[in-house]
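Asks: I have a structure here, written as structure tokens, and I will follow up with some questions on it.
There are 2 protein chains.
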Amino acid sequence: MTEMGRRERKKAATRQALADAALRLFADRGYDEVGVREIADAADVSVTTLFKHFPDGKEALVFDQDVDREAALVAAVRERPAGQSVPEALHRMFQGEHSRRVHADPRFDDFLRLIDTTPALREYARRMWLRHEHALAAAIAEDAGLPDDDPGCRALAHFALEAPVLVRGTGDPDAALDRIFDLLANGWTGERVG
Amino acid sequence: MTEMGRRERKKAATRQALADAALRLFADRGYDEVGVREIADAADVSVTTLFKHFPDGKEALVFDQDVDREAALVAAVRERPAGQSVPEALHRMFQGEHSRRVHADPRFDDFLRLIDTTPALREYARRMWLRHEHALAAAIAEDAGLPDDDPGCRALAHFALEAPVLVRGTGDPDAALDRIFDLLANGWTGERVG
DNA sequence: TTAAAAAGCGTAACAGCTCAACTTTCTGAG
DNA sequence: CTCAGAAAGTTGAGCTGTTACGCTTTTTAA
Chain P
1 MTEMGRRERK KAATRQALAD AALRLFADRG YDEVGVREIA DAADVSVTTL
51 FKHFPDGKEA LVFDQDVDRE AALVAAVRER PAGQSVPEAL HRMFQGEHSR
101 RVHADPRFDD FLRLIDTTPA LREYARRMWL RHEHALAAAI AEDAGLPDDD
151 PGCRALAHFA LEAPVLVRGT GDPDAALDRI FDLLANGWTG ERVG
Chain A
195 MTEMGRRERK KAATRQALAD AALRLFADRG YDEVGVREIA DAADVSVTTL
245 FKHFPDGKEA LVFDQDVDRE AALVAAVRER PAGQSVPEAL HRMFQGEHSR
295 RVHADPRFDD FLRLIDTTPA LREYARRMWL RHEHALAAAI AEDAGLPDDD
345 PGCRALAHFA LEAPVLVRGT GDPDAALDRI FDLLANGWTG ERVG
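Structure, rendered in structure tokens:
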């Protein structure tokens, strides 16, 4: 099952070559300074082929991984320890994720810098990330015994997913994350936390 | 001061002609089925002129109004009655806004349908709307005696502004709005409201 | 009166993306 | 083993949004 024939191996190789070439060129000269024609050339394929592999367009070339995040989100809600609230569970999941990932792969640094400096990529990343909203909302709703499309659950899922996006670029991301989840857990107090 | 010379009057007229032509064509045949060249033709203007009037591109042709919303937001926070919380104030402001606007202008209906059916326009509308985040966050921060860029205030501003976007497309927008602001005011309870 | 500012024009081009028609390569069922 | 067909790839043309360039015309203001 898991082993793939020559065909799929070649396909994966081409895809990888495209993603690698793109990331290298982007990191070198900036996202907007590199055209898709050039990327296709660098990977020695035609432009049409490039778009067969990445139908979502130029931006998708940068996001080659990003699997199983949805499962992790749902699991964080479903399998949280007893007595822990849903916001707490998500808060914990997001804490320190950044530094953990940077530590795992050195290239991940270029990747983040690239995204942070390119508005189009920031937007795209956000959209990809928010795709999990529905699944997360459903998990929360099931947990709370509410209908699948309950607006409150959808809102909590949405806001929680936006938290990591919001804290990026602030002076102290960890503190900012704490403030946001405090808001989601306890509501707006209007008073300084002390 | 308020009276403008022939020059500015003509400019405004051209701009209006473009916006009108665009809205009509879009409503007729759908956003993606109408090209910018055709719109320019319909307004009897060259394509370059069109882009001089709407430098933000095709999407901007649809959003011709939308002034003073920012001032209204800030005022809602600053001039709210004593004893009313910030979330309450914003909640009140958003309540019934939809029906009020539809009542004011019959064409507003087409406008909304168009936006709801076109992903590119939805995205653009959201971005325009969220531009006020900074101003709103500053107003909230000032009110609470916190620094301008306090993450909690920014988060509240962001979430509040997203509320109207989130409730669109739900079965009962008014109820959904209530739920969202209940979350922002009191935090996540995990229990049915009853 | 006149010079600069601003609106507009047409052409040409670029970038992202798609389409159509065709070739090559692999797969799998008979 | 073979052969039909699916899937990857190619080429090339073309569409759409958008911008740059160089030019003419109108309006303004000194």
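If you read the protein sequences in the order shown, they are chains P and A. Counting from 1, one number per residue, gives the positions in the first sequence under my numbering. Counting from 195, one number per residue, gives the positions in the second sequence under my numbering. We put the CB at the ideal spot given by N, CA and C, even for glycine.
1) Just tell me which of G224/A, A213/A, D344/A, L244/A has its CA closest to the CA of T170/P.
2) Taking C-beta to C-beta, are L267/A and L308/A nearer than 8 Å?
3) Which whole runs of the alpha helix (DSSP H) in the stretch 88–143 of chain P are 4 residues long or more, in chain order?
4) Quick one: which residues of the stretch 81–98 of chain P get their C-beta closer than 8 Å to a C-beta of chain A? List them in chain order.
5) Please list the partners that P106/P has in chain A, where partner means a Cβ-to-Cβ separation under 7 Å.
6) In the DSSP assignment, find the unbroken alpha helix (DSSP H) run with A82/P in it and report its ends.
7) Assuming W152/P is part of the alpha helix (DSSP H), what are its boundary residues?
8) So which of R179/P, R131/P, A12/P has the shortest CA-CA distance to A71/P?
9) Whose C-alpha, out of A89/P, F159/P, D28/P, K52/P, is nearest the C-alpha of R126/P?
10) Using only CA atoms, which one of A157/P, D68/P, P81/P, D182/P lies nearest to F133/P?
11) Suppose the cutoff is 6 Å on Cβ atoms and the five residues either side in sequence are ignored; what does the same chain contact list for V361/A look like?
12) From the DSSP output, in three-state form, read off V36/P for me.
13) Can you name, in chain order, every residue of its own chain whose Cβ lies under 7 Å from the Cβ of I440/A, other than the five neighbours on each side?
14) Can you list the residues of chain A that W188/P reaches, using a CB-CB cut of under 7 Å?
15) Beta-carbon within less than 7 Å of F94/P's beta-carbon, same chain only, minus the 5 sequence neighbours each way: which residues are those?
16) Taking C-alpha atoms, which residue in F54/P, A75/P, L25/P, H98/P lies nearest to A42/P?
17) Just how far apart, CA to CA, sit G83/P and H98/P?
18) G381/A and A185/P - do their beta-carbons sit closer together than 8 Å?
19) Going by CA-CA distance only, name the one from R294/A, R209/A, F305/A, D376/A that's closest to V241/A.
20) I'd like to know whether the C-beta of F63/P is nearer than 8 Å to at least one C-beta of chain A.
21) Taking DSSP as the reference, what is the three-state secondary structure of T243/A?
22) Quick check on DSSP: helix, strand or coil for A237/A?
23) Could you work out which residue in H91/P, F108/P, E79/P, E123/P is closest to E142/P when comparing CA atoms only?
24) If you draw a straight line from the C-alpha of R386/A to the C-alpha of R286/A, how long is it?
25) On a CA-only basis, which of E38/P, R29/P, F54/P, R101/P is nearest R69/P? Give me that one, please.
26) Between A338/A, A269/A, D250/A, which has its C-alpha nearest M322/A's C-alpha?
27) L212/A and V239/A look like a contact to me (Cβ under 8 Å); what is the Cβ gap, rounded to whole Å?
28) Comparing the C-beta of R15/P with each C-beta of chain A, is any distance below 8 Å?
29) If the cut-off is 8 Å on Cβ atoms, which residues from the stretch 20–31 of chain P count as contacting chain A, listed in chain order?
30) How is the alpha helix (DSSP H) around A211/A delimited, first residue to last?
31) Examine the ligand SAH and report whether any of its heavy atoms sits within less than 7 Å of the Cβ of T14/P.
32) Examine chain A for any beta-carbon lying closer than 8 Å to the beta-carbon of F111/P, and answer yes or no.
Replies: So, from the data block:
1) D344/A
2) Between L267/A and L308/A, the gap from beta carbon to beta carbon reaches 8 Å or more.
3) 97–104, 108–117, 119–130
4) S85, V86, P87
5) Correct list: empty, because the minimum Cβ distance to chain A is about 29 Å.
6) Element bounds for A82/P: n/a, residue is neither H nor E.
7) A quick correction: the sequence has Gly, not Trp, at residue 152/P. Counting along the chain, the alpha helix (DSSP H) containing G152/P begins and ends at 151–167.
8) R131/P
9) F159/P
10) Before going on, a small fix: residue 133/P reads as Glu here, not Phe. For E133/P, the nearest C-alpha among the options comes from A157/P.
11) P367, A370, L371
12) helix
13) Because chain A in this structure spans residues 195 to 388, residue 440/A falls outside the shown range and cannot be described.
14) S279, V280, P281, L350, L378, A379
15) A163, P164, L177
16) L25/P
17) Looking at the two C-alpha atoms, the distance is approximately 26 Å.
18) yes
19) R209/A
20) no
21) Residue state, collapsed to three classes: helix.
22) DSSP places A237/A in coil when its eight states are reduced to three.
23) E79/P
24) Bear in mind that a pLDDT of 47 at R386/A, under 50, signals an unreliable position, so the model cannot answer this.
25) R101/P
26) Nearest C-alpha to M322/A: D250/A.
27) 7 Å
28) no
29) Residues: none.
30) 200–223
31) You won't find the ligand SAH in this model; it holds no ligand whatsoever.
32) no
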